[in-house]
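Here the structure is laid out as structure tokens; the discussion comes afterwards.
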Ligand code: C5P
């Protein structure tokens, strides 16, 4: 491994993305939002009229993703697939469901492995996802499994989507998240579960600042 990696895994809505971003900013490390790669694979497959059950074709899409990340004037992240701005589509819950379907295909996970590992560059990387500590970066310096109660995760994700101007009800979102977590936990390849050497961090009822600080304290205690 070329650089220290902090792996943050956990279920949907646990706050991984937000915490990973804050920790990366505080440490001056690179950031890998691995879920975005699965989401982009699902979008690209859809755009190319490929059935999500066609493992070889979806894996080929994953291998050849023309993805680019940059920022808007206000500093928020923008995601490009080829020359199409997919920032909004990437975050839609329907895209999350598609991502969870393609993520269960072993060839797709294999196709995305090296791409993810290439993010580990000096001075270091904060990587968030479902299998950062178990598969992609098994020798990560710090492994964290971030959780929160199911209600709180649904509420947080709901607020996030509403803030982005998306039309979604809490009840429908709770069902979608539950389905996705079940599929992610029960799949045979790289299922969602804490690495043996992961620290479990329950963020229920805790502020973003408090959770970020706990992670930074763990990193600095090393
Ligand atoms: O984290 P996010 O909600 O963006 O992830 C979308 C989906 O991508 C997850 O539900 C999961 O199925 C898949 N995923 C994965 N492994 C990762 C990151 C995401 O299987 N490391």
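In this note's numbering, the protein residues as written are 306 to 527.
Beta carbons: idealized from backbone N, C-alpha and C, even for Gly.
For clarity, every value in this text was computed on a predicted model and none was experimentally measured.
Sequence-distant residues of its chain with Cβ nearer than 8 angstroms to residue i (five each side left out)
i: residue 478; result: 398, 459, 462, 463 and 466
i: residue 307; result: 425, 426 and 427
i: residue 331; result: 517 and 521
i: residue 415; result: 364
Rounded separation between residue i and residue j - CA only
i: residue 334; j: residue 526; result: 17 angstroms
i: residue 496; j: residue 312; result: 15 angstroms
i: residue 370; j: residue 386; result: 7 angstroms
i: residue 343; j: residue 356; result: 15 angstroms
i: residue 403; j: residue 372; result: 17 angstroms
i: residue 353; j: residue 314; result: 30 angstroms
i: residue 323; j: residue 434; result: 12 angstroms
i: residue 523; j: residue 379; result: 31 angstroms
Opposing strand residues paired with residue i [DSSP bridges]
i: residue 383; result: 375
i: residue 450; result: 314 and 505
i: residue 390; result: 385
Closest by C-alpha distance to residue i, when choosing among the options
i: residue 483; options: 309, 310, 316 and 311; result: 316
i: residue 321; options: 476, 337 and 332; result: 337
i: residue 417; options: 523, 511, 347 and 351; result: 347
i: residue 505; options: 357, 393, 438 and 405; result: 438
i: residue 392; options: 405, 469 and 498; result: 469
Contacts around residue i, its chain only, beta-carbon distance under 6 angstroms, and the 5 residues preceding and following it disregarded
i: residue 493; result: none
i: residue 429; result: 308, 309 and 334
i: residue 351; result: none
i: residue 431; result: 311, 325, 328, 329, 334 and 336
Beta-carbon contacts of residue i that lie in its chain and below 7 angstroms, excluding the five residues immediately before and after
i: residue 400; result: 344, 347, 348 and 394
i: residue 341; result: 384 and 395
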